[in-house]
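Student: Submitted below is the structure of interest, expressed as structure tokens.
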Amino acid sequence: MTQKSHPRTTPPPPRHPRSPARPQRGRGVSPRTVDEKMTIKEVVTDLRVPESTFHRWRQLGKGPRSIKLPNGDVRIRRSDYESWLTEREEVA
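The opening residue of the sequence shown carries number 1 in UniProt numbering; numbering runs sequentially from there.
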């Protein structure tokens, strides 16, 4: 008995290890890089204020939006930080 081979009507998609559907790490600017998470230390260093001042702002609801992690650490999205700064700009 011989098997009949049926010709394919469409070729299979090419296999490539670096297909565009799967972005490579470390190349270009990804959404994760744009909206990186900042530590409190990074924020207070940028603002040049004591860490206690930043904690007081958070307590009073005057700080940027933040994320409290399960281990108690706090992170601030860069986009939230930048928006918060922009909201506080005054015309000089």
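In this text, a Cβ means the ideal position worked out from N, Cα and C, and glycines have one as well. As the structure is a prediction and not an experimental result, all values here were calculated from the model.
Below 8 Å between beta carbons: does that hold for S66 and V74?
Tutor: yes
Student: Which same chain residues end up closer than 6 Å to E36 when comparing Cβ atoms and leaving out the 5 residues on each side of it in sequence?
Tutor: So the list reads R78, once near-sequence residues are dropped.
Student: Here's the rule I'm using: 16 or more other beta-carbon atoms within 10 Å means buried, otherwise exposed. How should G63 be labelled?
Tutor: buried
Student: Given V44, which residues of its chain have a CB within under 8 Å of its CB, disregarding the five upstream and five downstream residues?
Tutor: P50, E51, T53 and F54
Student: Let me know the secondary structure DSSP gives T9 once reduced to three states.
Tutor: coil
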